[in-house]
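Worksheet for the structure shown next.
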Amino acid sequence: MAGNSLDLPQDMLMEIFALLDVPDLVRAGAVCSSWRASYISLCNHGGYKQAQTPCLFYTSESAGENVACLYSLVEKREYKLTMSDPPIRSRYIIGSSHGWIITADERSELHLVNPVTGDQINLPTFTTIEQVKPIYDDAGELHEYEYSWYTGAPFKYPSPSIFSLGLLRKYLFRKAFLSCDPSMGDYFVVLIHNPLEQLSFARAGDDKWT
Numbered sequence: 001m002a003g004n005s006l007d008l009p010q011d012m013l014m015e016i017f018a019l020l021d022v023p024d025l026v027r028a029g030a031v032c033s034s035w036r037a038s039y040i041s042l043c044n045h046g047g048y049k050q051a052q053t054p055c056l057f058y059t060s061e062s063a064g065e066n067v068a069c070l071y072s073l074v075e076k077r078e079y080k081l082t083m084s085d086p087p088i089r090s091r092y093i094i095g096s097s098h099g100w101i102i103t104a105d106e107r108s109e110l111h112l113v114n115p116v117t118g119d120q121i122n123l124p125t126f127t128t129i130e131q132v133k134p135i136y137d138d139a140g141e142l143h144e145y146e147y148s149w150y151t152g153a154p155f156k157y158p159s160p161s162i163f164s165l166g167l168l169r170k171y172l173f174r175k176a177f178l179s180c181d182p183s184m185g186d187y188f189v190v191l192i193h194n195p196l197e198q199l200s201f202a203r204a205g206d207d208k209w210t
């Protein structure tokens with residue numbers, strides 16, 4: 001009697017999935033629960049095909065606040081992926097590396113996101129950067145940020161600026177990138193930020209920028 005392809009062992013499924021482009025991989029992961037488990041395991045270990053035809057990544061108002069869109073240039077087709085909070089549509093993208101994107105949410109906090117798996121890693125709060133100080137209201141709620149222009153260079157600096165929660169990301173962050181795929185566990189993030197394009201670093205598991 002012919003076997004059922006849905007019942008293939010996970011290691012065999014992962015070998016097959018590793019040969020697929022992203023659109024086919026996403027479709028395969030939606031077939032059934034066992035294929036989904038193989039798909040997630042493959043992506044978590046960074047085992048999917050690395051030489052990919054690029055896909056366009058974007059959001060749209062009609063798709064919803066938590067939905068990311070991938071457009072396959074090969075297939076000329078759009079795929080919709082539901083992402084975790086905070087809403088992906090309201091985030092700024094400040095970098096991409098090794099299949100992950102680095103985003104800044106409406107409170108200017110940073111997250112790593114894998115658009116294929118939906119996995120998300122929260123990075124250390126940016127208020128651990130020397131130039132940023134949180135400001136709380138009378139109820140103890142985070143209200144604004146104080147941003148210092150100080151760099152250590154010997155000249156006169158303007159007074160610190162006050163920014164709303166979502167506005168600071170526009171002025172503070174320039175770019176970010178990863179040393180390797182976070183799925184491998186041992187990685188670090190390089191953040192280029194103002195004033196004067198300084199560098200800060202965070203390793204996997206860190207609770208502050210250095």
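So the sequence shown is numbered by the UniProt record's numbering: it starts at 1 and just counts up by one.
Ideal placement from N, C-alpha and C gives every residue a C-beta, glycine not left out.
Quiz prompt | Cβ-based burial, Ser108 [other Cβ within 10 Å; buried from 16] | solution = Counting other Cβ atoms within 10 Å of its Cβ, Ser108 reaches 16 or more and is therefore classed as buried.
- Message: Rounded to the nearest angstrom, what separates Ser62 and Thr151 at their Cα positions?
- Response: 43 Å
Review point. Quick one, are the C-beta atoms of His193 and Phe173 less than 8 Å apart?
Key: yes
Exercise. Whose CA, out of Ile135, Gln198 and Thr103, lies closest to the CA of Ser84?
Worked result: Thr103
Checklist entry - What separation, rounded to the nearest whole angstrom, lies between the Cα atoms of Phe177 and Ile129? => result 17 Å
Check: From Pro158 to Thr125, what does the alpha carbon distance come to, in whole angstroms?
Finding: 25 Å
- Message: If you reduce the DSSP assignment to three classes, tell me which class Lys170 lands in.
- Response: helix
**Item:** 8 Å Cβ cutoff met for Lys202 and Asp186
**Value:** The sequence given here has Ala at residue 202, not Lys. Contact flag unset, no.
Item to complete: Grab me the residues of Lys133's own chain with a C-beta within less than 6 Å of its C-beta, minus the 5 sequence neighbours each way, in chain order.
Response: Glu146
Problem set entry | Through-space distance from Gln131 to Ser148, alpha-carbon basis | 5 Å
For this session: May I have the straight-line CA-CA distance separating Tyr79 from Pro160, to the nearest angstrom?
Result: 44 Å
(message) Let me check understanding here. Comparing Cα to Cα, which of Ser183, Lys208, Ser179 and Asn66 lies closest to Gly95?
(response) Among Ser183, Lys208, Ser179 and Asn66, the Cα nearest to that of Gly95 is on Ser179.
Does Asn114 pass the burial test, meaning 16 or more other C-beta atoms within 10 Å, or should it be called exposed?
That one is buried.
Note down the Cα distance separating Ser90 from Leu112, rounded to an integer number of angstroms.
-> 15 Å
Q. The alpha helix (DSSP H) spanning Asp29 covers which residue range?
A. Strictly speaking, residue 29 in this sequence is Gly, with Asp absent from that position. Element bounds for Gly29: Val22 to Gly29.
*Let me know if Pro23 comes out buried or exposed under the rule of 16 or more other beta-carbons within 10 Å of its beta-carbon.*
buried
* Asked: Which residues share a DSSP beta bridge with Ile129?
  -> DSSP, once it has assigned bridges, lists no residue as partnering Ile129.
**Request:** Check the DSSP bridge columns for Tyr79 and list the partner residues they point to.
**Result:** Partner(s): Leu70.
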